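In my numbering, the protein residues as written are 58 to 147. Beta carbons are placed, not taken as given, at the ideal position from N, Cα and C, and that holds for glycine. Here the structure is a predicted model, which is why all the values come from computation and not from measurement. Working notes, beginning with the structure itself.
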């Protein structure tokens, strides 16, 4: 069963929500794909499991709109796992 994980890295400078089978897969994907293999697991600040129903404010043509993580994931062209669902601002 896939889950959503919020990973904060480098003092909160980079935060991504990743869909993966477990937190280890999410961290590995983050370090290898997002950080392009240059990241270090010691620099990960926090790993938080998030509900698929968690709402995030996104902007569509300049207007704010609330969408759940599952809605954002389903709007993507490819439904591969693991993958970055959305990047978050700190």
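query = Ends of the alpha helix (DSSP H) at residue 140?
reply = Not the alpha helix (DSSP H): residue 140 falls in the beta strand (DSSP E), residues 140 to 145.
Spatially closest choice to residue 114 from 81, 143, 67, 68, by CA coordinates = The candidate whose alpha carbon is nearest that of residue 114 is 143.
ask   = Apart from the five residues just before and just after residue 98, which ones in its own chain have a Cβ nearer than 7 Å to its Cβ?
value = Beyond the five residues adjoining it in sequence on each side, residue 98 comes within less than 7 Å, by CB distance, of 84, 88 in the same chain, given in chain order.
request  = Would you give the residue range spanned by the beta strand (DSSP E) that residue 44 belongs to?
outcome  = Only positions 58 to 147 of the chain appear in the structure, and residue 44 is not among them; the question remains open.
ask   = For residue 116, is the classification buried or exposed, using 16 other Cβ atoms within 10 angstroms of its Cβ as the cut-off for buried?
value = Per the 10 Å Cβ criterion, exposed.
ask   = Within 10 angstroms of its Cβ, does residue 131 collect 16 or more other Cβ (buried), or is it exposed?
value = Classification of residue 131: exposed, given that the 10 Å Cβ count is below 16.
query = Just to confirm, are residue 103 and residue 73 a CB contact at a threshold of 9 Å?
reply = No, the pair does not count as a contact, with Cβ atoms beyond the cut-off.
task = Could you tell me if residue 121 is buried or exposed, where buried requires 16 or more neighbouring beta carbons within 10 angstroms of its beta carbon?
result = Counting the other CB atoms within 10 Å of its CB gives residue 121 a total below 16, which places it among the exposed residues.
request  = Tell me, to the nearest whole angstrom, how far the beta carbon of residue 125 is from that of residue 137; I am working on the premise that it is less than 8 Å.
outcome  = With a contact defined as Cβ atoms closer than 8 Å, residue 125 and residue 137 miss out at about 19 Å.
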